[in-house]
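If you want my numbering, it's the position in the sequence shown, counting the first as 1, plus 709. Just below is one structure, and these are the notes that go with it.
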Amino acid sequence: MKIAQFLVDNNSYLQLVDRENSTTFYLASSSGSLTVLKYLMSLQKFDIERPNNSGMAALAGASAGGHLNVVQYLLENKANVQAEDIFGCTPFYHACLNGHIEVVKFLYEKTKDLNRCRKNGCSPLYAAASSGHLEIVKFLVHNKAHLEKSNEEGHTPLIVACANNHLEVVKFLIES
């Protein structure tokens, strides 16, 4: 926080971006720095929806990082819960892929959309199964995620769990 204040006090360029076109605002969100994020929001100089080169806005970065408090704060400040990156991934998808069950549960309550696929047809269940996140797989299946939904290559969550050697996920999907 002291660094952010120092940069502002010395007229430094908080609007500069890194090589991925990520702003200070995005980096604070994706790293879970809620105090810094609130400070930056108070300056009213940042676009909450500004994407980086991958099309990820602050909410997607916070979701991918598992920073529930930041996700909640961004949604309180009108971040778009349905925003997609260049691959068609939503914040919910990023949370499923990266194994952040509390963020998954929170975002599910906001969207109730657990079968929305990215551009290549991969569903959030596919993402969780491919990464071996059993708790998320169970949550999605319990809430009626489509078990047989395949991606554009014809791979289902069960197939990708097998391919990635996630035995517990495979067992659960077969029993479901």
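We put the CB at the ideal spot given by N, CA and C, even for glycine.
Asked: Can you give me the Cβ contacts of Val879 inside the same chain, cut-off strictly under 7 Å, excluding the 5 residues immediately before and after it?; Found: Leu867, Ala870 and Cys871
Asked: Rounded to the nearest angstrom, what separates Ala854 and Leu834 at their Cα positions?; Found: 7 Å
Asked: Just to confirm my understanding: we take His776, look at its own chain, exclude 5 residues before and 5 after, and list those with CB closer than 7 Å. What are they?; Found: Gly741
Asked: Let me know the secondary structure DSSP gives His855 once reduced to three states.; Found: coil
Asked: Out of curiosity, what's the CA-to-CA distance linking Leu743 and Ala737?; Found: 7 Å
Asked: Strictly under 7 Å for the Cβ-Cβ distance: is Ser738 near chain D by that measure?; Found: Absent here is chain D; the protein component of the structure consists of one chain.
Asked: Helix, strand or coil: how does DSSP classify Ser772 here?; Found: helix
Asked: Report all residues from its chain with a CB closer than 7 Å to the CB of Met765; omit the five preceding and five following residues, and keep chain order.; Found: Asp794
Asked: Given Ala836, which residues of its chain have a CB within under 7 Å of its CB, disregarding the five upstream and five downstream residues?; Found: Tyr802, Cys805 and Leu806
Asked: Does the distance from the CB of Tyr735 to the CB of Ala773 come in under 7 Å?; Found: no
Asked: Skipping 5 residues on each side, what residues in its chain have a beta carbon closer than 7 Å to that of Asn831?; Found: The sequence given here places Cys at residue 831; Asn does not occur at that position. Here the set comprises Asn860.
Asked: Please state the DSSP three-state secondary structure of Thr799.; Found: coil
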